[in-house]
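So the structure is just underneath, and the comments pick up after that.
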Amino acid sequence: MLLIVNMVWCSNYSIAQESNSKNFISSIGLHLGTSSQESFLGNDPDYSHDNKFINIQLTHVVKTSGNWSFELLAQPTYYQTTHQLLNLFYIKPEDFDNFEELRERFLQSNDYEEFTLHLGLQARYNLTDSWSLYAIGAVGPQISTESTERLRQGFTFSDVIGLGTSYRFNKLRWDFRASLRHTSNAQLASPNSGHNSFSIETGVSFLLNE
Numbered sequence: 000m001l002l003i004v005n006m007v008w009c010s011n012y013s014i015a016q017e018s019n020s021k022n023f024i025s026s027i028g029l030h031l032g033t034s035s036q037e038s039f040l041g042n043d044p045d046y047s048h049d050n051k052f053i054n055i056q057l058t059h060v061v062k063t064s065g066n067w068s069f070e071l072l073a074q075p076t077y078y079q080t081t082h083q084l085l086n087l088f089y090i091k092p093e094d095f096d097n098f099e100e101l102r103e104r105f106l107q108s109n110d111y112e113e114f115t116l117h118l119g120l121q122a123r124y125n126l127t128d129s130w131s132l133y134a135i136g137a138v139g140p141q142i143s144t145e146s147t148e149r150l151r152q153g154f155t156f157s158d159v160i161g162l163g164t165s166y167r168f169n170k171l172r173w174d175f176r177a178s179l180r181h182t183s184n185a186q187l188a189s190p191n192s193g194h195n196s197f198s199i200e201t202g203v204s205f206l207l208n209e
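Heads up: the sequence shown begins at 0 in numbering that gives the first Met the number 0, then just goes up one per residue.
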């Protein structure tokens, strides 16, 4: 009886030690990407909006079930953005007293920066030990350094949904992802038409708990 109790205690202690040895952050990675309002999904003739971006990928696995795993995702992102109004009549005289000044300003190509923190969920399906497919959904706060005719500078929100594929080799995982992004200020300020873009990105993550 004492032997059985001792074996159970040792087993529980071993499991606890293994659990405690796991890192809270499951993976850390770096992605580079580009995005554009003009894409195969459609094009708004009123404006052009293009980004180059770099982001850090931090994940935490919260649940695994069969071939599925579900991960929390934190994604600090830096965007270099180029925006230009293409339709001069988008800015209407009845909306602004200084509409002529605004038209002249926003018809020029404008470069600015966006600093974003996306927080969300990543659902992954493992096709093999090395290859997986995944979907992400994330939203987060953002600071933009310039206004456009569609969105005021300062505090806004950025929403992302996407699909991707990963290939794993030892502790490294290569990712390729396509996603849709929308920025707005949730009606906290005017204007609030927001910007839409389609993104392609790729990068490598290091698996900390493998």
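Built from N, CA and C at the ideal position, the CB exists for glycine as well.
Small disclaimer: the values here were computed from a predicted structure and weren't measured.
- Residue environment for Gly32: buried (at least 16 other C-beta atoms within 10 angstroms of its C-beta).
- Non-local beta-carbon contacts of Ile24 in its own chain, meaning distances under 8 angstroms to residues more than five positions away in sequence, involve Leu57, Thr58, His59, Leu207 in chain order.
- Among the bridge pairs identified by DSSP, Tyr46 is matched with Leu84.
- Straight-line spacing of the CA atoms in Leu71 and Leu150 works out to 29 angstroms.
- Contact check between the region 184–193 and the region 154–166: three or more CB pairs, one atom from each, fall below 8 angstroms, which counts as touching.
- Taken through DSSP and simplified to helix, strand or coil, Phe95 comes out as coil.
- Counting along the chain, the unbroken beta strand (DSSP E) around Arg180 starts and ends at 171–183.
- DSSP places Phe23 in the coil class of the three-state scheme, outside both helix and strand.
- Thr127 is classed as exposed because its beta carbon has fewer than 16 other beta carbons within 10 Å across all chains shown.
- In the three-state scheme derived from DSSP, where H, G and I count as helix and E and B as strand, Glu100 is classed as helix.
- The Cβ atoms of Ile199 and Leu179 do not sit closer than 8 angstroms to each other.
- Beta bridge pairing from DSSP links Ala137 with Gly119, Val159.
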